[in-house]
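Peer 1:
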Amino acid sequence: MVAALSQCLVQLFDFQLDRGYTLPAPSSWVVKDNKWRATRYGLDAIVITDETGATAPLRDQLYELIAELEPVAARLGCSDELSVARDVLEHGASYERQRAVYARTGDLISVVDALVSEFEQDRFWLGDGGGGHGRQ
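The numbering used here applies: residue 328 is where the sequence shown begins, and numbers increase by one.
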């Protein structure tokens, strides 16, 4: 997933540079603040989207980025790998799924079992009623 996302971004930026576009270069304060927001709130962060301080949900920004990268992924042959990023947004990141399991069971062994199950089956463990996202 991360490799596909990175590969698609590099390809997109290369394409844009070849056509004379200028790559985005946010101010350091925007980068630092967004880094803090993502660290503190994970995928539920509200991130700064421009130099005026406008904000948007990180999940929404990532959905838009993935949609923009889908044609690039198709050309590179990594659509399946990129689609995992969309799956993470839809089913929750690992930390969200782990918290959901713990909230349902109150048991850390169940959290470990869910992680093992995900690894063995190479798919998200949704348990009783789905993983989902959001702060627990």
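Note that CB positions come from ideal geometry on N, CA and C, so glycine has one too.
With distances taken from CA atoms, which of His418, Asp449 and Ser410 is nearest Ala330?
Peer 2: Translated into positions along the sequence shown, residue 330 becomes position 3. Minimum Cα distance to Ala330 is reached at Ser410.
Peer 1: Would you list the one or two residues that DSSP bridges to Ala383?
Peer 2: In the sequence shown, counting from the first residue as 1, residue 383 sits at position 56. Beta-bridge pairing links Ala383 to Val374.
Peer 1: With 16 as the cutoff for other CB atoms within 10 Å, does Gln343 come out buried or exposed?
Peer 2: On the sequence shown, residue 343 is found 16 positions in, with the first residue counted as 1. With fewer than 16 other Cβ atoms within 10 Å, it is exposed.
Peer 1: Could you tell me whether the segment 429–439 touches the segment 372–392, where touching means 3 or more Cβ pairs closer than 8 Å?
Peer 2: In short, these stretches do not touch, since the Cβ pair count stays below three.
Peer 1: With the cut-off set at 9 Å, would you say Gly369 and Ala420 are in Cβ contact?
Peer 2: Mapped onto the sequence shown, residue 369 falls at position 42. Mapped onto the sequence shown, residue 420 falls at position 93. A contact, by the Cβ cut-off of 9 Å.
Peer 1: Looking at the structure shown, is His460 part of a helix, part of a strand, or coil, going by DSSP?
Peer 2: Taking the first residue of the sequence shown as 1, we reach residue 460 at position 133. Low local confidence applies: a pLDDT of 41 at His460 is under 50, so the model's placement there is unreliable, with the coordinate-based value given in what follows. In the structure shown, His460 sits in coil (DSSP, three-state: anything other than H, G, I, E or B).
Peer 1: With respect to the alpha helix (DSSP H) encompassing Phe451, which residues constitute its N-terminal and C-terminal limits?
Peer 2: By one-based count along the sequence shown, residue 451 stands at place 124. From DSSP, Phe451 is part of no alpha helix (DSSP H); its letter is neither H nor E.
Peer 1: Only counting the same chain, and skipping five residues up and downstream in sequence, which positions put a Cβ closer than 6 Å to that of Asn361?
Peer 2: Along the sequence shown, read from residue 1 onward, the residue named residue 361 stands at position 34. If we look at Asn361 and ignore the five residues flanking it on each side, its Cβ neighbours are Val374 and Ile375.
Peer 1: Return helix, strand or coil for Cys335, following the three-state DSSP convention.
Peer 2: Position 8 of the sequence shown, counted from the start, is the residue given in the question as residue 335. In this structure, Cys335 counts as helix in the three-state DSSP scheme.
Peer 1: Can you list, in chain order, the stretches of the alpha helix (DSSP H) that have 4 or more residues and sit fully within the segment 384–416?
Peer 2: Segments of the alpha helix (DSSP H) lying fully in the segment 384–416: 385–403.
Peer 1: Do Ala394 and Cys335 come within 9 Å of each other at the CB atom, strictly closer than that value?
Peer 2: For the purposes of this step, residue 335 is taken as the residue at position 8 of the sequence shown. For the purposes of this step, residue 394 is taken as the residue at position 67 of the sequence shown. Not in contact: Cys335 and Ala394 (Cβ atoms no closer than 9 Å).
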